[in-house]
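Report on the following structure.
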Amino acid sequence: MKNTLLAAGVASLMATTSMAQSVGVSMALFDDNFLTVLRNGMIEMAEGMDGVDIQVEDAQNDVAKQLDQINNFVASGVDAIIVNPVDTSATQAMTAAAEAAGVPLVYVNRQPINVDMLPDNQAFVASNEIESGTLEAFEICKNLRAAGKGGGARAYVMMGELSNQAAVQRTKDIEDVLSMDMCSFIEVVDQQTANWSRDEAQDLMTNWLSSGEPFDALIANNDEMAIGALQAMKAAGIDMDSVEVGGVDATADALASMAAGELDVTVFQNAAGQGAGALDAALRLAAGEDVDQKVYVPFELVTHANLGDYTK
């Protein structure tokens, strides 16, 4: 199998099948805006194809439940499995279960810890997380400089679930950007996890605000946390023009927040494209075709300047 990086778009994600094929999908959780778009991307693609049956299950953020779902898919005789992992450090058992049964498996969106050791009938479809936090943090750095704060600025960082590779990488991206000469004027006041959650982020931001520490920016690993932080800031009467707030995913809620003059930066992660790409890869593997082991759908920076391109 090739081990290359492939930039893929929805328009190029086409699959044909000569016979009926069934695909089992285990999502980390349904109650997530981004993952809902991803899930719907798979479902809509399957509905537009003849002879493709897709069964989608909610793992409810439970690793054991997700492994059970994979074993049940194998027992029911599906032709391929797609997994959005609950815990990216617990994927070896999932890989082993599918490999032992000879069932192709595709990980989507969240990078499995064993991504570089996947067998030939397994693949990973996502966006390259090295781009996400880098684009976000560098844009906030530029905005702070443009606002005349190049002599010194302070930022809070909100991290996603620490067991999730995306949270780890996006946080590293932020740290790497802030270590650059151009952006080293930004000091991180504190960084804590809010577990991708809007509610947890609102609580965390409220706690930070109660400390009375001055700050100029909030850099979040995803839009849900950025929105939660914004809600806390608005409740506290913070002037939105005085602080830079960034997230990742460019969800509908995030774009609406940006249009309202609240969110400053987000990064479009093509959820529907990842979902369609995962289904395409699963069907090709089930048909015995070669698939690139890592399929990357590019991230895209979204700001007030190009917001209209994402809200049409």
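For the sequence shown, numbering that gives the first Met the number 0 assigns the number 0 to the initial residue and increments by one for each residue that follows. The beta carbon of each residue, even a glycine, is placed where N, CA and C say it ideally should be. If you're wondering where the values come from, they're calculated on a predicted model, not measured in any experiment.
Point to revise | Segment limits, beta strand (DSSP E) that includes alanine 293 | key: The sequence shown places lysine at residue 293, not alanine. 293–295 is the extent of the beta strand (DSSP E) around lysine 293.
#### Entry: Stretch-stretch touch, CB-based, cutoff 8 Å, three pairs: the stretch 218–234 with the stretch 195–210
Three or more beta-carbon pairs separated by less than 8 Å link the stretch 218–234 to the stretch 195–210, which places the two stretches in contact.
Exercise. Jot down the residue ranges of each uninterrupted beta strand (DSSP E) in the stretch 121–186, minimum 3 residues, whole runs only, in chain order.
Key: Runs found: 121–125 and 152–158.
**Request:** For threonine 310, count neighbouring C-beta atoms within 10 Å of its own C-beta (all shown protein chains included) and say buried if the count is 16 or more, exposed if not.
**Result:** So threonine 310 ends up on the exposed side.
**Asked** When we look at the beta-carbon of asparagine 206 and count the other beta-carbons within 10 Å, is it buried (16 or more) or exposed?
**Response** Exposed.
ask   = Roughly how many angstroms separate the alpha carbons of glutamate 135 and leucine 177, rounded to a whole number?
value = Straight-line spacing of the CA atoms in glutamate 135 and leucine 177 works out to 11 Å.
Original post:
In whole angstroms, what is the alpha-carbon distance linking alanine 255 and leucine 34?
Top reply: Alanine 255 and leucine 34 have their C-alpha atoms some 18 Å from each other.
**Request:** Find out if the Cβ-Cβ distance for the pair methionine 93, isoleucine 69 is shorter than 8 Å.
**Result:** Remark: C-beta atoms of methionine 93 and isoleucine 69 approach each other more closely than 8 Å.
Reference alanine 193, options Ser75, Gln273, Asp180 and Gly159, closest by Cα:
That would be Gly159, whose Cα lies nearest to the Cα of alanine 193.
In the DSSP assignment, the alpha helix (DSSP H) including alanine 36 goes from what residue to what residue?
The residue asked about is misnamed: residue 36 is valine in this sequence, not alanine. It spans 32–46 - the alpha helix (DSSP H) in which valine 36 sits, taken as one unbroken run.
What does the Cβ neighbour count give for serine 314, buried or exposed, with the cut at 16 atoms within 10 Å? Absent from the structure is residue 314, since the part of the chain shown begins at 0 and ends at 311.
Exercise. In chain order, which beta strand (DSSP E) runs of at least 3 residues are fully inside the stretch 49–111?
Worked result: Runs of the beta strand (DSSP E) inside the stretch 49–111: 51–57, 79–82 and 104–107.
- Are phenylalanine 29 and aspartate 57 closer than 8 Å when you measure CB to CB? Going by C-beta atoms, phenylalanine 29 is nearer than 8 Å to aspartate 57.
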